[in-house]
Amino acid sequence: MNRLHSILLMVCVSIGFASCSNDDCEDLHLNNLAHYPNVLKGTFPTENQVLNMGETLEITPELLNPENATYSWLINGEEYSNENTFSYKVDKPCRANLTCIISNEYGKVEMTTSFKSNHDFSKGFLYIDDTFNFYDAEKKVKYEDCYSSLNAGKKLGADKPSVCSNNGKLYILNNSNTTNAEHLFIVDSKTLYYEKSATIGTHLHGMIILNDQYALAGGDGIRRINLKSLSSVSLTKNSSYSLFNGIVYNGKVLVNDTYGEPSQVKCYNVSDLLAAKENEMPLTIEPGLDIIQNQKINFVQAKDGNIYTLESTDEGCSIVQIDKNFTVQKTPINFKPAKGPYWSSPTVGMVVSETEGIIYIASADNCIYKYIIGDPNSIKEPFISADESGLPIATTLQLNQKTGELYAIYGEQWEDYKIVIYNKDGEQINSIDCGKNVPSHIIFNN
1 MNRLHSILLM VCVSIGFASC SNDDCEDLHL NNLAHYPNVL KGTFPTENQV LNMGETLEIT
61 PELLNPENAT YSWLINGEEY SNENTFSYKV DKPCRANLTC IISNEYGKVE MTTSFKSNHD
121 FSKGFLYIDD TFNFYDAEKK VKYEDCYSSL NAGKKLGADK PSVCSNNGKL YILNNSNTTN
181 AEHLFIVDSK TLYYEKSATI GTHLHGMIIL NDQYALAGGD GIRRINLKSL SSVSLTKNSS
241 YSLFNGIVYN GKVLVNDTYG EPSQVKCYNV SDLLAAKENE MPLTIEPGLD IIQNQKINFV
301 QAKDGNIYTL ESTDEGCSIV QIDKNFTVQK TPINFKPAKG PYWSSPTVGM VVSETEGIIY
361 IASADNCIYK YIIGDPNSIK EPFISADESG LPIATTLQLN QKTGELYAIY GEQWEDYKIV
421 IYNKDGEQIN SIDCGKNVPS HIIFNN
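The UniProt record's numbering numbers the first residue of the sequence shown as 1 and each following residue consecutively.
If you want it as structure tokens, here you go:
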């Protein structure tokens, strides 16, 4: 008998002695304990089991007294099987607590262990629709809903989320219209292990990380969120204050706050936002930046240290460079940036190479342009033509900074979505079907 089962027996003996005061009762309890399910040492693993993808975990506890024994196997507290042998095939990244309860007419024993998959998220990419999925680029295999299988069945339920990455964490803002939903989730970016979540506010559609402790979220006004406690302060409930995209730069926050009407890029002091009390939204810095936008457009920081965004008006469009002194320089372009609808999240915008002076921009006619910073001629013609399917580019372009591969998501409501991967030369090297759910973000762990 191993140590675990000896302890269980001692506890049961103690309970038996405490509940009886005569010799007959004592004899009865000792007799019952002798008939409890008695598991042979070594037939139930107590250490964590690690299995490769596709392997099957099998556990068969052996009993000294198997007569009339019944079994109950629970995964993360949920009933899984009543067979005497536990069998589970690891068909996607997972981790779980496993409980085995063996009973007979005299009593029961309960044993616990755990198991997890031996997976490597660096060998592909994660993509998020209403949950996290993983595509293994080496095996060319797609594993769906890894989030729940790694987090005891917990559902993310993120409807068109905004996702920010900071210090090894993913901050997932759920665009929910219900007040009792969990709106903000914090997840480890390497493992996808859930850390905590909270109810913040409804219709949240944008998030900016201010520093390691605070962030801004837009939706029903503007909120400042404490990323440690997940408490929040409403700086304004005025719905005219929006926040679709933004970036922190040299002590300032630049904000894109429109999805349709022309609006100037807003600029705030980070210190003012951090110090503001409830219902005290700071004023914008005046004069503001000479950048007009009439759609949701993101900001990127390039290798040269400058910030880049797009000016988009009915009169024309430009790539805009913002230097450390907040001086604006515009390079006219002969196309319109891709414009997603209000409900789309994140923005259909641009992505920058962190190691090269290159920015990729999605256009309204579903082409992809490659802007070599400082060379206006580089953006006169499309780098990648519109996809042959005719489907629009649905979300922000993504770039694998290590390999230089460019990822575009094509699709629209009521149609299937797909992720198309291009190499540095703009040649298509892979396409992954994603079904009806739009993959709003792609995350690399390499």
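Don't be surprised by glycine CBs; every beta carbon is placed ideally from N, CA and C.
If you're wondering where the values come from, they're calculated on a predicted model, not measured in any experiment.
Since I believe residue j is in contact with residue i (beta carbons under 8 Å), could you give me their beta-carbon distance rounded to a whole number of angstroms?
i	j	result
Leu397	Leu406	6 Å
Ile102	Pro45	15 Å between Cβ atoms; not a contact.
Ile291	Cys317	The pair is not a contact, with the Cβ atoms about 11 Å apart (cut-off 8 Å).
Asn245	Phe299	6 Å
Ser270	Gly288	Here the sequence assigns Val to residue 270, which means Ser is not the residue at that position. That pair is no contact at about 16 Å.
Ser304	Gly357	Note on residue identity: the sequence assigns Asp, not Ser, to residue 304. That belief holds up - the Cβ atoms of Asp304 and Gly357 are roughly 6 Å apart, short of 8 Å.
What's the C-alpha gap between residue i and residue j?
i	j	result
Glu182	Asn226	15 Å
Val320	Met350	12 Å
residue 522	Ile222	Outside the modelled stretch of the chain, which goes from 1 to 446, sits residue 522, for which no answer is possible.
Leu4	Tyr147	Low confidence applies to Leu4: its pLDDT is 40, below 50, so where it sits in the model is not reliable, and the reading given next is rough at best. Computed Cα separation, rounded: 32 Å.
Phe185	Leu243	19 Å
Asp314	Ile208	28 Å
Ala362	Gln295	13 Å
Lys252	Pro262	22 Å
Tyr422	Lys140	16 Å
Asn158	Ser239	Here residue 158 is Ala; the residue named in the question, Asn, does not match the sequence. When rounded, the distance between both Cα atoms is 22 Å.
Val352	Gly168	20 Å
Asn177	Leu156	15 Å
Tyr143	Lys424	26 Å
Glu354	Thr309	15 Å
Pro282	Ala217	15 Å
Ser19	Ile59	In this prediction, Ser19 scores a pLDDT of 38, lower than 50, which makes its location untrustworthy; no coordinate-derived value is stated.
Ala302	His205	25 Å
Lys160	Gly201	15 Å
Asn256	His203	17 Å
Lys154	Ala394	27 Å
Asn82	Tyr106	19 Å
Asn76	Tyr36	25 Å
Asn68	Lys108	12 Å
Gln401	Asn446	9 Å
Leu399	Ile368	13 Å
Leu170	Ser197	12 Å
Thr284	Ile379	33 Å
Ile373	Asn430	28 Å
Ile419	Asp387	11 Å
residue 447	Cys267	The requested residue 447 is not part of the displayed model; the chain covers only 1 to 446.
Asn175	Val163	11 Å
Glu311	Ile297	8 Å
Met10	Leu51	Any reading at Met10 is ruled out, since the residue's pLDDT is 35, under 50, leaving its predicted position unreliable.
Leu210	Val248	7 Å
Ser440	Lys339	15 Å
Lys330	Gly404	26 Å
Ser385	Gln293	25 Å
Leu30	Thr99	Residue confidence for Leu30 is low, a pLDDT of 49 falling below 50, so the modelled location carries little weight and cannot support an answer.
Val348	Ser231	30 Å
Glu427	Ala137	17 Å
Phe134	Glu278	40 Å
Ile307	Gln49	48 Å
Glu55	Tyr259	48 Å
Which first and last residues belong to the beta strand (DSSP E) in which residue i is found?
i	result
Val351	350 to 352
Ser117	107 to 118
Ile393	Unbroken run through Ile393: none, as it is neither H nor E.
Asp136	132 to 136
Glu58	56 to 59
Val163	162 to 166
Asp433	428 to 435
Glu195	194 to 198
Gln213	Premise fails: Gln213 is in no beta strand (DSSP E) and is neither H nor E.
Pro332	328 to 333
Trp73	70 to 75
Lys336	Per DSSP, Lys336 belongs to no beta strand (DSSP E) and is neither H nor E.
Glu78	78 to 81
Lys370	368 to 372
Ile128	124 to 128
Val320	317 to 322
Report yes if the C-beta of residue i is less than 7 Å from at least one heavy atom of the ligand COA; otherwise report no.
i	result
Ala198	Here there are no bound small molecules, and the ligand COA is not part of this structure.
Go to residue i, then tell me how far its alpha helix (DSSP H) extends in each direction, as first and last residue.
i	result
Cys146	146 to 150
Checklist entry - Of all the alpha helix (DSSP H) runs that stay within the bounds of the region 238 to 284, which reach a length of 4 or more residues? => result 270 to 275
Checklist entry - Are at least three pairs of beta-carbons, each pair with one atom in the region 232 to 242 and one in the region 185 to 192, less than 8 Å apart? => result no
Checklist entry - Hey, is the region 115 to 127 in contact with the region 81 to 97, meaning 3+ C-beta pairs nearer than 8 Å? => result yes
Next on the checklist: With three or more beta-carbon pairs closer than 8 Å as the criterion, would you say the region 124 to 140 touches the region 425 to 437?
Outcome noted: yes
Item to check | Those runs of the beta strand (DSSP E) which lie wholly inside the region 165 to 192 and span at least 3 residues | outcome: 169 to 173, 184 to 188
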